[in-house]
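First up is the structure itself, then whatever we jot down about it.
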Amino acid sequence: MPLSVLLIIVRILPFKAVLKLGRLLGRCAYFLMHKRRRVVNANLKAAFETCTVFERRNIVKGVFKNFGQTIIELLLLPRMDEHYFKNYTSMKNFANLENAVNLKKGVILLTAHYGNWEIAASICSVL
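All residue numbers for the sequence shown refer to numbering that gives the first Met the number 0, where the first residue is 0 and numbers rise by one.
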């Protein structure tokens, strides 16, 4: 699918449909990208020696689905607004950030490399 077609689809479909499309693209990548799938599986095997083959396979599938959704979310970024962030993202301990901002204190945000952390600055700008 050419990128221009994907951009048009992302612009016209509702958010839920676009996110499903992202997960679907991730599932397709799982089946098509054999070499990358083996790398992810090997990394998981090294990190989590006690995981069964079945557990690792499910995690690898989830990684690819998440990656597909993350890419689609980056394409969605121009459409994202306060409504999107409130309905499709979550942030814990947000009150701590608000308190620091109200006190005119500097803030360092830490996040795990999990989910679409690339949009964190956008989330903070509208909440």
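Using N, Cα and C, we set each Cβ at its ideal position, and we do this for glycine too.
Contacting residues, own chain, Cβ-Cβ under 8 Å from Ile7 (five flanking each side not counted): none
Same chain, Cβ closer than 8 Å to Trp116, five either side skipped, listed in chain order: Thr110
- prompt: Ordered along the chain, which non-local residues of its own chain (more than five positions away) have a Cβ less than 7 Å from that of Val17?
  reply: Val9, Ile71, Leu75
- request: Report the residue ranges of all alpha helix (DSSP H) runs contained in full by the stretch 86 to 125; include only those spanning at least 4 residues, in chain order.
  value: 93 to 101, 119 to 125
query: In three-state DSSP terms, what is Cys27?
result: helix
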